[in-house]
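Protein chains in written order, with our numbering: chain A, 752 to 1120; chain B, 5 to 616.
Structural data, given as structure tokens:
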């Protein structure tokens, strides 16, 4: 199963970028949480993060061992199993911030909406790969649309706006790479925009509307909805060129930054590491995305290429929305920053996704002598 | 991978690159261009300064008895506990503290950005209010009861005009500037001395506020106590006022005024003042006004006090000036003696009524005093004698010596504000107020007995007595003996400050003193009340006629002991009738108290002719 060629094709650049991001994430998490009150142990979050990096790394390697081509055959099972979990979370899920997102299973809470990201990528890759880069008719899109819409609706019911947006991004990105007709893409986006008022008045929760309003004018109510955004910018801006140094975020230490170890962790990083650190992190993400896309171009088949593109779009979209939110160029949507934000499920899913890409890279068509 | 797909992948990469360039640009804007601004915002988030108020200095009398101190008062304040103000709590507080709900809400609105600071709602609440708040404490959220110093006036209504009170502004620009030069930055809303020594010694009493820098979290809870600048307490003041003497003077004024109103049926008698000086230094030993007010209840009763027609808020001792009648006669005598137009042995005959310069002038009740020298004339307060003396000296000399005795200008007191300079009747003054009318000899006669335009404050009168007693030295009158810092070091000690030496010969002053001595001796106008004093004394009574059909002002100036003066004083009872029965008994009681420590009442001897 494993031979020298596979090992020679193992993409160490991607692995190194992933390790670097995990390391930066763990370090920032330590800085952001070591002083928190009410923790059983100052290293509580760091330890859990490291544990899940370990589990995630194991999953990643495990995924590498199985030729990704096999996933095609398992897609239906994965998809149905994931749907069942998504329904289950609505029935027995734990309520968090007014939404049901988690199923407690022993030492951690399962978040089917996170798992759905990678499942959707595999499903779409499977459905679109058969079209060999051509989607001439609108009905060619229907299976992919349907496959994405089903979990999206279930997640919207939780409700979780941010995550369902990721699915949408993955869908659009993969459709684009798979060769969707320009007019079909336009039609999709156009009808989405047309439905926006419908969303605003019937589907968006009050807190989601408030977040969008706060994005438009964060100073509008500095004690309420805009608070988080304002404090995030104050933190980043006060970091300056070189930052205040590790563990020196006053915004975190004095509690001015809510969600500082999850959605807002980039603000902590920016305050402590400054412009130089923040740009370095951006470059690291850019390299990660570049490397995944490069592997996509080297893939031996459409399925592998689409898998990689889906993963790249997923990471890109999350980085775009999360960092965009902390520097106030995007609305607050509650999307975590890959490898940086604390989150057990996200870490497992992100590392598994990297595993898939590594898998594609290992089994690419390249003559090796 | 086919070509078109490769192109699309590249486009995705390009989009990512563009996005990241935009982000890097935005970060450069936030972290490099606007860094200073956000740094400041983060620091402002972080720190708060709390003022540590300096303890205001206490005020003591000359014997070290506490007159003004600070006592702990309870202050109710409301704090935002991070979830906004609780409307139910506001309702309860509005009811308990009897403040309009709207008023509290307005105060809250105004402080949206200062929410970590407690909002002070009411100062100096009563024990019952504290009890009510405690009763409701499980319903009240974010309510604090803090202890803050409140000014306490141990002497009640004693020396109210001298001590003064605190209030919030308004402070004029000049005062603000002067304070700034003295190192005290006045802030709007600060409690500052408004009157008396509280006002004039404000920068010294106030001390210097300290500052505590505190690092706070998002809830406004203190996390770290950083730099602390300790407050420097204000200086304690030791006054020249002797509380016992002050009280004796105040009680004596009140007793006599009530006697005049109730027993003599003179309902016009009203305000009265007494000023007692140390003639050898200018120290003010007592400065009493009737009516006065209680500083402890001043703020509640302000409306009532300010509308009282007897004007209890005015410090008449320095702010009011009066014609001083016969107490002026020493000035006239000084002028005649110094000019050499009259000697103390010259005899003038008093027929009781004279007709001079077309005016009919009389002595009190047209009494014919017969032939008099200066001593007898002053002892019985013969008007006709002093008309002649005044006419011989001339108005210019009389006015000149009035000024030599300190009339017509400030006494130089700086420990109180609002002193009236008074007026000296003179040719020039008349010309000024009448638009150039000339002076008539008949007016000289009026001026010679302290009428006409003459208008003198009680402090000026006391200073006049002191100058006669001490040989003509005008000392600056003062109230603050010393200021002591919180470590007990004397930061300021008053020295007698001779402002001026009157250009009057020692011989003349000796004659004047001897004349005043006769006033308190048998057959003198003040003898009736002064006969029982254990010490020798000298003085002069006066009844100043006033416009309209009102009783005369009753006056007395004097000093004691005669040989070795320790106190000099002036007493006036507005519309109190003749001096001998209004001001004299008060002066005698004050002197009796000063020298014996008690007032037994002075027997009135009935064999004296009534005189002014």
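Each residue gets a CB set at the ideal place from its N, CA and C atoms; glycine is no exception.
Self-check item: Residue range of the unbroken alpha helix (DSSP H) whose run includes residue 250 (chain B)
Solution: From DSSP, the alpha helix (DSSP H) with residue 250 (chain B) extends over 247-266.
Quiz item: Is there contact between the stretch 282-289 of chain B and the stretch 512-523 of chain B, where contact requires at least three CB pairs shorter than 8 Å?
Solution: No, the stretch 282-289 of chain B is not in contact with the stretch 512-523 of chain B.
Quiz item: chain A partners of residue 163 (chain B), CB-CB under 9 Å?
Solution: Result: empty, since nearest Cβ-Cβ is about 51 Å, beyond 9 Å.
Practice problem: Report the neighbours of residue 35 (chain B) on chain A: residues whose CB is nearer than 8 Å to its CB, in chain order. | Solution: Correct list: 987, 988, 990, 991, 992, 1021, 1025, 1026 and 1029.
Quiz item: DSSP three-state call for residue 520 (chain B): helix, strand or coil?
Solution: Residue 520 (chain B) sits in a helix when the DSSP states are folded into three classes.
Exercise. May I ask you to list the residues that DSSP assigns as paired with residue 787 (chain A)?
Key: Under DSSP, residue 787 (chain A) takes part in no beta bridge, so it has no partner.
Exercise. Compute the Euclidean distance between the alpha carbons of residue 460 (chain B) and residue 383 (chain B), then round it to the nearest angstrom.
Key: Between the alpha carbons of residue 460 (chain B) and residue 383 (chain B) lies a gap of roughly 22 Å.
Quiz item: Is residue 405 (chain B) helix, strand or coil when you go by DSSP?
Solution: Annotated three-state conformation of residue 405 (chain B) is helix, per DSSP.
Self-check item: Assigned exposure category for residue 1004 (chain A) - 16 Cβ within 10 Å defines buried
Solution: Residue 1004 (chain A) comes out buried.
Quiz item: Would the stretch 833-843 of chain A and the stretch 859-879 of chain A be scored as touching if the rule is three or more Cβ pairs under 8 Å?
Solution: With a cut-off of 8 Å, the stretch 859-879 of chain A and the stretch 833-843 of chain A count as touching, because enough Cβ pairs lie within range.
Self-check item: Selected residue, minimal CA-CA separation from residue 389 (chain B), among B:418, B:356, B:404 and B:184
Solution: The shortest C-alpha separation from residue 389 (chain B) is found at B:356.
Quiz item: In its own chain, which residues sit with a C-beta less than 6 Å from the C-beta of residue 931 (chain A), not counting the 5 before and 5 after it?
Solution: Within the same chain, residue 931 (chain A) has close Cβ partners 886.
Quiz item: In chain order, which continuous runs of the alpha helix (DSSP H) of length 4 or greater are located wholly inside the stretch 1013-1084 of chain A?
Solution: Taking only runs of at least 4 residues, the alpha helix (DSSP H) segments lying wholly in the stretch 1013-1084 of chain A are 1016-1049 and 1053-1077.
Quiz item: Can you tell me whether residue 774 (chain A) is buried or exposed, with buried defined as 16 or more other CB within 10 angstroms of its CB?
Solution: If you draw a 10 Å sphere on the C-beta of residue 774 (chain A), you find fewer than 16 other C-beta atoms in it, and that means exposed.
Self-check item: Partner residues on chain A for residue 41 (chain B), Cβ-Cβ distance less than 8 Å
Solution: Within 8 Å Cβ-Cβ: 988.
Quiz prompt | Best match in A:1071, A:758 and A:990 for proximity to residue 32 (chain B) [C-alpha to C-alpha] | solution = Minimum Cα distance to residue 32 (chain B) is reached at A:990.
Quiz item: With 16 other CB atoms within 10 Å as the buried threshold, where does residue 104 (chain B) fall?
Solution: Taking all protein chains in view, the Cβ of residue 104 (chain B) is surrounded by fewer than 16 other Cβ atoms within 10 Å, so the residue is classified as exposed.
Exercise. Check the Cβ of residue 871 (chain A) against every Cβ in chain B and list those closer than 8 Å, keeping chain order.
Key: By Cβ distance, chain B contributes nothing, its closest Cβ being about 17 Å from residue 871 (chain A), past 8 Å.
Quiz item: According to DSSP, which residues form a beta bridge with residue 170 (chain B)?
Solution: According to DSSP, residue 170 (chain B) shares a beta bridge with B:197.
Quiz item: Between residue 1080 (chain A) and chain B, is there a C-beta pair that is closer than 7 Å?
Solution: It does: the Cβ of residue 1080 (chain A) has a partner Cβ on chain B nearer than 7 Å.
Exercise. Can you have a look at residue 842 (chain A) and say buried or exposed, based on whether 16 or more other CB atoms are within 10 angstroms of its CB?
Key: Classification for residue 842 (chain A): exposed.
Quiz item: Do we get a CB-CB distance below 7 Å when we pair residue 927 (chain A) with the residues of chain B?
Solution: Taking 7 Å as the CB threshold, residue 927 (chain A) lines the interface with chain B.
Quiz item: Is the CB of residue 45 (chain B) under 7 Å away from at least one CB in chain A?
Solution: Output row for residue 45 (chain B): interface = yes.
Quiz item: Pairing CB atoms from the stretch 253-270 of chain B with CB atoms from the stretch 575-589 of chain B, are three or more of them under 8 Å?
Solution: Contact between the stretch 253-270 of chain B and the stretch 575-589 of chain B is present, because at least three Cβ pairs lie under 8 Å.
Exercise. Could you tell me whether the stretch 922-941 of chain A touches the stretch 1098-1106 of chain A, where touching means 3 or more Cβ pairs closer than 8 Å?
Key: No contact exists between the stretch 922-941 of chain A and the stretch 1098-1106 of chain A.
Quiz item: So, is the C-beta of residue 59 (chain B) closer than 7 Å to a C-beta in chain A?
Solution: Chain A contact via Cβ: absent.
Self-check item: Selection from B:334, B:272, B:27 and B:251 that minimises the alpha carbon distance to residue 553 (chain B)
Solution: Nearest neighbour of residue 553 (chain B) by Cα position, chosen from B:334, B:272, B:27 and B:251, turns out to be B:272.
Quiz prompt | Three CB pairs or more closer than 8 Å across the stretch 1004-1020 of chain A and the stretch 771-788 of chain A | solution = These segments touch.
Quiz prompt | Nonlocal neighbours in the same chain, by C-beta distance under 7 Å from residue 1121 (chain A), ignoring five residues either side | solution = Limits of chain A in this structure are 752 at one end and 1120 at the other, which puts residue 1121 (chain A) out of reach.
Quiz item: Looking at chain B, which residues of the stretch 1031-1052 of chain A have a Cβ within less than 8 Å of any of its Cβ atoms?
Solution: Residues passing the 8 Å Cβ filter: 1033, 1034, 1036, 1037, 1040, 1041, 1044, 1047, 1048, 1049 and 1050.
Self-check item: Against chain B: residues of the stretch 1007-1020 of chain A by CB proximity under 8 Å
Solution: Across the stretch 1007-1020 of chain A, CB contacts with chain B closer than 8 Å involve 1007, in sequence order along the chain.
Quiz item: With 16 other CB atoms within 10 Å as the buried threshold, where does residue 462 (chain B) fall?
Solution: Under this definition residue 462 (chain B) is a buried residue.
Quiz item: With respect to the alpha helix (DSSP H) encompassing residue 50 (chain B), which residues constitute its N-terminal and C-terminal limits?
Solution: In this chain, the alpha helix (DSSP H) harbouring residue 50 (chain B) covers 39-50.
Quiz item: When DSSP labels each residue in this structure, what does residue 365 (chain B) get in the three-state scheme?
Solution: Strand at residue 365 (chain B).
Quiz item: Whose C-beta lies closer than 6 Å to the C-beta of residue 1070 (chain A) among residues of the same chain, with five residues either side of it excluded?
Solution: In the same chain as residue 1070 (chain A), and ignoring 5 residues on each side of it, the C-beta atoms closer than 6 Å to its own belong to 1036, in chain order.
Self-check item: Distance between beta carbons of residue 179 (chain B) and residue 338 (chain B), contact taken as under 8 Å
Solution: In fact, because the Cβ distance is near 40 Å, the residues do not count as touching under 8 Å.
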